[in-house]
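Please read the structure below before turning to the comments.
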Amino acid sequence: MTTTAQRAFILFVLVLLMAATRVNHFAAIPDASWAVFFIAGFHLRSWTRWAFPLLMVLAIVIDVLVIRASGIGYWQHYCVSPGTALLVPAYAAMWAGGALLRQGYRSADWTALAKAAALLAAAVAVCHLFAQSGFYWTSDVVAAPSVQGWAQNYVDWFLPYLRTAAIYVGLAAALQLATEQVVKLLHARHDALH
């Protein structure tokens, strides 16, 4: 998908997905933010200069609105600390993973899926490193931070975050594959008629 209209539609869908899931952070519908940045990096790589900041601002605005709606100030929420600033490089890692996947991409085949899995795991590992470190080392929630405690926290939360991102990215990959197949069929039908 390369047209401006297609990219705009994808951005619109990703904005809706983030808005619909980020408000729930720990509710039944898991937060899709990490996957949104990965998928955006894949589809909106040429729009990075403005689409990445737009999605970052959206994430912050959603957090502020949800926290204020709970009746407390933004900086009083247990998830917010000076380390929250590390979400910028964290989400940039997810975006970069998607952008790297896009390089040389031709179609959704087994090679592309294997590359996607490897890049997603690496992006989540780096994203989690920044996000978790920012929270762990600067939050008042952790009474006595230590390297051992940080490492255990990283390990404890890595697989749940990877699983959530993989579910959303997997659904996006299935949609990508289906779209590519439909486009191939339409081209084949068009060629057969002409």
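Here my numbering runs 424 ahead of the position in the sequence shown, where the first position is 1.
Glycine included, each C-beta is placed from N, C-alpha and C at the ideal position.
Note that the coordinates shown come from a computational prediction; the quantities given were computed from them, not determined experimentally.
Of the listed residues the options, nearest to residue i (C-alpha basis)
i, options, result
"A540", "F466, T427, R473", "F466"
"I453", "A516, F461, A444", "A444"
"I434", "A549, T603, L609, D615", "T603"
"C551", "Y502, A598, V512", "V512"
"L441", "Y515, W458, T428, T427", "W458"
"Y529", "V485, I496, R446, R469", "R469"
"A514", "V460, V566, K608, I496", "V460"
"W581", "L599, Q600, F554, V606", "F554"
"C503", "D564, I486, L482, G521", "D564"
"R446", "R431, A475, F462, A483", "A483"
"Q430", "Q600, L617, H618, L525", "Q600"
"V566", "A432, Y585, W474, S505", "S505"
Residue range of the alpha helix (DSSP H) that includes residue i
i, result
"H552", "534–562"
"L524", "511–526"
"T427", "It is not in any alpha helix (DSSP H) - T427 carries neither H nor E in the DSSP assignment."
"W499", "Unbroken run through W499: none, as it is neither H nor E."
"S457", "457–467"
"Y623", "No answer is possible for residue 623: the residues shown for the chain start at 425 and end at 618."
C-beta neighbour in chain C for residue i, strict 8 Å
i, result
"N577", "In the structure shown, chain C does not exist; there is a single protein chain."
Nearest-angstrom beta carbon gap, residue j and residue i [assumed within contact, 8 Å]
i, j, result
"T588", "W519", "That pair is no contact at about 17 Å."
"A456", "L479", "About 11 Å separates the two Cβ atoms, so there is no contact after all."
"A597", "A532", "6 Å"
"Y592", "Q556", "Actually they are not in contact, since the Cβ atoms of Y592 and Q556 sit about 19 Å apart, beyond 8 Å."
"F476", "G522", "Not really, about 11 Å apart at Cβ, beyond 8 Å."
"I486", "H501", "No, I486 and H501 are not in contact; Cβ-Cβ is about 13 Å, not under 8 Å."
Could you tell me whether the region 558–569 touches the region 542–550, where touching means 3 or more Cβ pairs closer than 8 Å?
When Cβ pairs closer than 8 Å are counted between the two stretches, the region 558–569 is seen not to touch the region 542–550, the count staying below three.
Can at least three beta-carbon pairs, one atom from the region 571–584 and one from the region 495–512, be found at a separation below 8 Å?
No, the region 571–584 does not touch the region 495–512.
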